[in-house]
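Presented below is the structure to which this report refers.
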Amino acid sequence: MDIHTSIVKRPERTFKESFTVFMIDTGSCGACNLEVKSLTNPIYDMHRLGIFFTSTPRHADALLVVGVLSEKMKDPLRRAYEAMPDPKLVIAVGACALSGGILGSGIREMLDADVLVPGCPPSPFTILDALIRSRDGQK
Ligand code: SF4
Numbered sequence: 001m002d003i004h005t006s007i008v009k010r011p012e013r014t015f016k017e018s019f020t021v022f023m024i025d026t027g028s029c030g031a032c033n034l035e036v037k038s039l040t041n042p043i044y045d046m047h048r049l050g051i052f053f054t055s056t057p058r059h060a061d062a063l064l065v066v067g068v069l070s071e072k073m074k075d076p077l078r079r080a081y082e083a084m085p086d087p088k089l090v091i092a093v094g095a096c097a098l099s100g101g102i103l104g105s106g107i108r109e110m111l112d113a114d115v116l117v118p119g120c121p122p123s124p125f126t127i128l129d130a131l132i133r134s135r136d137g138q139k
């Protein structure tokens, strides 16, 4: 796997032009978190692409997860996923969310992630690319 490329497992186009993301941190070191948050700064400026964060899963098209799957966050993760309307995607960002890294288990133990973004942490460009391709439904 090229570490600069995300994998989008759902190839069809599901969403319209705008794409709303709810981020949840299930146990990160903080670095993946920072890289995701940097997407709103003027360098990456994801808003110009119609991609936005929301503070509630009820308005989200995608659940973006960073960090290992810690015991205390299993229930909040499940509740966030269940609160989202269909159609919805799960995007796992970073080695911890993908596999648990060296610490534990990743979120795929609980949820079937549609988009995998490798890296520790992934670059913001890789994350942005994954969000665009998630919205557009490309492999
Ligand atoms: S993948 Fe790396 S940067 Fe991201 S939360 Fe895990 S240890 Fe931190």
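Numbering (the numbering used here), first residue to last: 1 to 139.
Just so you know, even glycine gets a beta-carbon here, dropped at the ideal spot from N, CA and C.
Taking a contact to mean a Cβ-Cβ separation below 7 Å, would you say residue i touches residue j in this structure?
{"i": "Ile-107", "j": "Ala-92", "result": "yes"}
{"i": "Val-117", "j": "Ser-134", "result": "no"}
{"i": "Gly-27", "j": "Ser-70", "result": "yes"}
{"i": "Thr-20", "j": "Gly-137", "result": "no"}
{"i": "Leu-39", "j": "Pro-122", "result": "no"}
{"i": "Leu-131", "j": "Ile-51", "result": "yes"}
Closest to residue i by CA distance: which of the options is it?
{"i": "Val-34", "options": "Gly-67, Thr-14, Val-8, Phe-15", "result": "Reading the sequence as shown, one finds Leu at residue 34 and not Val. Closest option to Leu-34, Cα to Cα, is Gly-67."}
{"i": "Ala-97", "options": "Cys-29, Lys-37, Lys-9", "result": "Cys-29"}
{"i": "Leu-63", "options": "Glu-82, Ile-102, Gly-100", "result": "Glu-82"}
{"i": "Pro-76", "options": "Thr-126, Pro-57, Lys-88", "result": "Pro-57"}
{"i": "Met-110", "options": "Asp-86, Ala-31, Arg-79", "result": "Arg-79"}
{"i": "Ile-127", "options": "Glu-12, Lys-16, Met-46", "result": "Met-46"}
{"i": "Met-84", "options": "Glu-12, Gly-100, Ser-105, His-59", "result": "His-59"}
{"i": "Val-140", "options": "Leu-49, Phe-53, Arg-48", "result": "The displayed coordinates of the chain run from 1 to 139. Any statement about residue 140 would go beyond what the structure contains."}
On the CB-based measure, 16 or more other CB atoms within 10 Å of its CB, does residue i come out buried or exposed?
{"i": "Ser-18", "result": "exposed"}
{"i": "Asp-61", "result": "buried"}
{"i": "Arg-22", "result": "The sequence shown places Phe at residue 22, rather than the Arg named in the question. By the 10 Å Cβ count, Phe-22 comes out buried."}
{"i": "Cys-120", "result": "exposed"}
{"i": "Asp-112", "result": "exposed"}
{"i": "Ile-102", "result": "exposed"}
{"i": "Asp-25", "result": "buried"}
{"i": "Ile-3", "result": "Any reading at Ile-3 must be qualified, since the residue scores a pLDDT of 49, below 50, and its modelled position is unreliable; the value itself is stated next. Burial call: exposed."}
Taking any heavy atom of the ligand SF4 as the mark, which residues have a C-beta closer than 6 Å to it, listed down the chain?
-> Ser-28, Cys-29, Ala-31, Cys-32, Val-66, Gly-67, Gly-94, Ala-95, Cys-96, Gly-101, Cys-120, Pro-121
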